Structures are given as structure tokens and as C-alpha cells.
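Notes for the one structure printed next.
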Amino acid sequence: MDSALVYLLLLAGVAIGWGFGYRFARQSKPPEPDWIPNVELLLAEANDVALERFLNVPQLDDDALDLLLKLGRSLREKGEADRAIHLHQSLFARTDLPKHSMQALELELAVDYAHAGLLDRAERLFLELLDSKGRVQEKAAFALVELYEEEGDWQQILDLHQRKKLPSDDTIARRVAHAACEMAEQARQQDDFLELHKLCKRALKVDPHCARAWVVQGDLAHVQGELREAVRCYLRAVDVDGQAIIHTLEPMVDCFRQLQDLDGLERYLGQHWRDTHYVPALIAQLECEAEQGDASAAISQLLQELTTQPSNQGFFALVELVMRHRQQLDKSQLLVVYGILRRIVESEPRFVCNHCGFKATEPHWRCPSCKSWSTLGSFVPQPPVARLKL
Ligand SMILES: [Zn+2]
């Protein structure tokens, strides 16, 4: 799909580009009769000749330049960074282009360098472009942050933000906050806890919804045995971003257990389950309840929750609870289990397209997704590694 798009773009770009080249060529000198543009020419070595021809036309208007930029991008996306660099460098060497075009070119060249792994050169150009304005500045800022992220150079991101070189934008704020959190985790490795707190504070100032800053501080308190402080931080994390539960659930359970506050844990998890319907929170809550001696009540509740919201994860937890606490299900409970299991199985895909991977619950001769004929076969789930710990 993607390669088809690039191919089309390339074809369109070159076809129209050829039109321009032809027009310009005709203005200066008659075209050579043996030069016929086609796809083979475009994709073969001879295409370089065509490219040189575009590049050497005496005057490029905005449309022609735009097409050349598109062609450059297509080359880059095809993995031909060298040719893209050559194209952009040749254009960049021209003296007749207006300033905004030069900046657009510089940006393309910087992206080429980044693709080709010439990161120092890419960085230098992106930094230059940070002083420009508008879309080019914004794109350069995004690309530069991405480059530093790839390199793990978090300090550079914080510096750019400090120097007000980055656009004020939610995604940038999130990235800056994560850069600060990355550095906070490094500070923790070096036992520099003061620095850790400073960096977390900074992350939260940039992005008040950065739950990770609370998680990092909670993790520190957790390993230092300051359990109430850890719980406070984890609660704040989930306050600022509900999704953070996936990072806080396990350490939270551990903190409450160490504090021997199973009632508190149960209340918290129960509330969380009602608010978010995050299945592991329910499972942890019922496990807690069962441990406190009321295994059969926990099983009844899980059965009831599974009836309204059936899930494999919940069903697995049910079997675990029953086995671990040596419980037995009565006949009516078994009927409920049967009903739950049937609904889970019914919602599972039974057929899969061998061409595009589309999963279906009914058989089709023609794949509803990729429209291929006779490509649907039976779906065989990959059996996961057994991990029943009892
Ligand atoms: Zn398909």
C-alpha cells in the first residue's frame, strides 16, 4: 500500500516534472529526440540524466521547485537517500531561489542527512532552521527533538526548551516532560535524588499531565521504604492521567501489602475498577478479598462482573482463583461460566485472511478488507507459553 503510494507519487511527480523540463528545455534549446520519459527511465540509472536536466533549467518557478521537492522526498522514502541528497544539494547551490524556498530545501536536506545516518550534519541544519519562522521552524523543531530522542540526548531537548526554541504545543510539552523523566531516571541510577526530584518537578511544570514524573518519584520512595509517600505519588500519577494505572498497579499493591493495609487496597482497587474497568485492578481486588478469607464471595463477584464484561483475562483469573483457593463451583455457577465462555468464544475470530491478516468471525469468499478472493482460511491462535503459577 505504502510503496504503491510512493510509486504513484514518483510517477506523477516525474511526469509533471518532465512537462516542466520539457517546457523549459524548449524555451532554451530543442529537446533531444532520443529522450523519452517513462517509468523504466525513471527507475533506471538513466534517470540521473533526466534529473540533471531538471536541475539545470535556467529558471525554476515555485511549482517546478515544489515538484522537485516532492521527487526528492519520494527518492528518500524509497531509501535512495544519496540521490535525494544530490538533488537537494544541487538545488541548494543555486543562487536564484527566494529565501523561503532555500529554507524549505535546507529542511529537506537535513531530513535526508538524518535518513542517511549523517546525524551531525542533520543536527547542524535543523539548529540553523530553528531561527526561521512558520512551518519550516516547527518541522525543524519536531525533527530535532526526534533526532535527540533517538540518540538519547535528553539534555539537548531540555536546553532547547529552556532557550524557548521549541513551539509551544501539547505534543512538544509531553516530549520535553519525558526527556526530563528520562534524565530523572538516570539521576536515580547515580543516587542523585535531589536532582531526580528537581527534574520531576520540571517535567510537571512543562506538562502537568506527565504521570511518569509521579511514577518516578513513587518508585524512588518505594525502594527507599517510604511506602506512604510512594502511595501518595502513585495516586497522584493516576490522578493526572488515568492510563498510568498500568505502571502503578503492581507497585501500589506491593506498598499496601507491606503497609498491611489490605482493606485500603481493596477499597482503592474496587473504586478503580468501577471508574475505569481495568481488568487487572478487579483481579487484584478479588485476589485481595480471597486472601482475607472470603474466596467464595470473590468468585461470585468475579462471575457477576464477567457476565456483564466477559474477557479472557478475567476468565483466566477466575480459574486461578478457583484453583488457588481450592474452591468448587456449584451447578448454577457452572452454567454462568458456560455462558461467559460461549460469549468469549463467539467474539473470537475464527477466520483469517492469508493475504492481509484481516480477522473475521464469519467465512467470506472475498476478504472484506483487501478484497482478495479465496484468501480466508481458519484462524489458528498461536498458543502462548503456559504460565499458570499455583
Ligand atoms: Zn485480506
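Once you know that position 131 of the sequence shown is 207 in this note's numbering, the rest is easy, because the numbers rise by one and skip nothing. We put the beta carbon where it would ideally sit given N, CA and C, even for glycine. Since this is a predicted model, take the numbers as computed values, not measurements.
> Quick one, which of GLN334, THR324, ARG250 has its alpha-carbon nearest LEU345's?
Replying inline: The option with the nearest alpha carbon to LEU345 is THR324.
> Going straight from the alpha carbon of LYS241 to that of GLY193, what length do you get?
Replying inline: The alpha-carbon separation between LYS241 and GLY193 amounts to approximately 24 Å.
> Whose CB is closer than 6 Å to a heavy atom of ligand 1? List the residues in chain order.
Replying inline: Environment of ligand 1, chain-ordered: CYS429, HIS431, CYS432, PHE434, CYS443, SER445, CYS446, SER448, THR451, taking every residue with Cβ within less than 6 Å of a heavy atom.
> Relative to the C-alpha of ASP188, which residue among MET178, LEU201, SER177, HIS176 is closest?
Replying inline: By alpha-carbon distance to ASP188, the top candidate from MET178, LEU201, SER177, HIS176 is LEU201.
>> Using C-beta distances below 7 Å, list every residue in its chain close to VAL412, excluding the 5 sequence neighbours before and after it, in chain order.
In response: LEU379, THR383, listed in sequence order.
> With DSSP run on the structure shown, which of helix, strand or coil describes GLY433?
Replying inline: Three-state DSSP puts GLY433 in coil, outside helix and strand.
> From this set, VAL252, ALA289, THR247, LEU280, which residue's C-alpha is nearest ARG264's C-alpha?
Replying inline: Of the listed residues, the one whose Cα sits closest to ARG264 is ALA289.
>> Suppose you measure from the CA of ASP295 to the CA of GLU182; what does that come to, to the nearest Å?
In response: Going by the C-alpha atoms only, they are around 44 Å apart.
> Among the residues of its own chain, which have a CB less than 7 Å from the CB of GLN368, if the five just before and after it don't count?
Replying inline: Closer than 7 Å at Cβ, skipping near neighbours: LEU338.
> Going by C-alpha distance, which of VAL316, ILE321, GLU422, MET328 is nearest GLU302?
Replying inline: That would be MET328, whose Cα lies nearest to the Cα of GLU302.
>> Could you check whether ALA393 and VAL355 sit closer than 9 Å to each other, using their CB atoms as the reference points?
In response: Against a cut-off of 9 Å, the Cβ pair of ALA393 and VAL355 comes out as a contact.
>> Per the DSSP calculation, PHE427 is bridged to which residue(s)?
In response: Paired residue(s): ALA436, SER454.
>> If I measure Cβ to Cβ from ASP78 and keep anything under 6 Å in the same chain, skipping five residues before and after, which residues do I get?
In response: Summary for ASP78: the model assigns pLDDT 44, below 50, so the residue's position carries little reliability; its value from the coordinates is reported in the next sentence. Same-chain partners within the cutoff: there are none.
>> Please state the DSSP three-state secondary structure of TRP230.
In response: Helix at TRP230.
>> Using only the alpha-carbon positions, how far apart do CYS446 and HIS431 sit?
In response: Taking the straight line joining both Cα atoms gives about 8 Å.
> Which term fits ILE161, buried or exposed, when burial requires 16 or more other beta carbons within 10 angstroms of its beta carbon?
Replying inline: Burial call: buried.
> Rounded to whole angstroms, how far is the Cβ of VAL282 from the Cβ of ALA253, which I believe are closer than 8 Å?
Replying inline: About 5 Å separates the beta carbons of VAL282 and ALA253, which is inside the 8 Å limit, making them a contact pair.
> Which stretch, first to last residue, makes up the alpha helix (DSSP H) that contains ASP354?
Replying inline: Sequence check: residue 354 is Tyr here, not Asp. Going by DSSP, TYR354 is part of no alpha helix (DSSP H) at all; its letter is neither H nor E.
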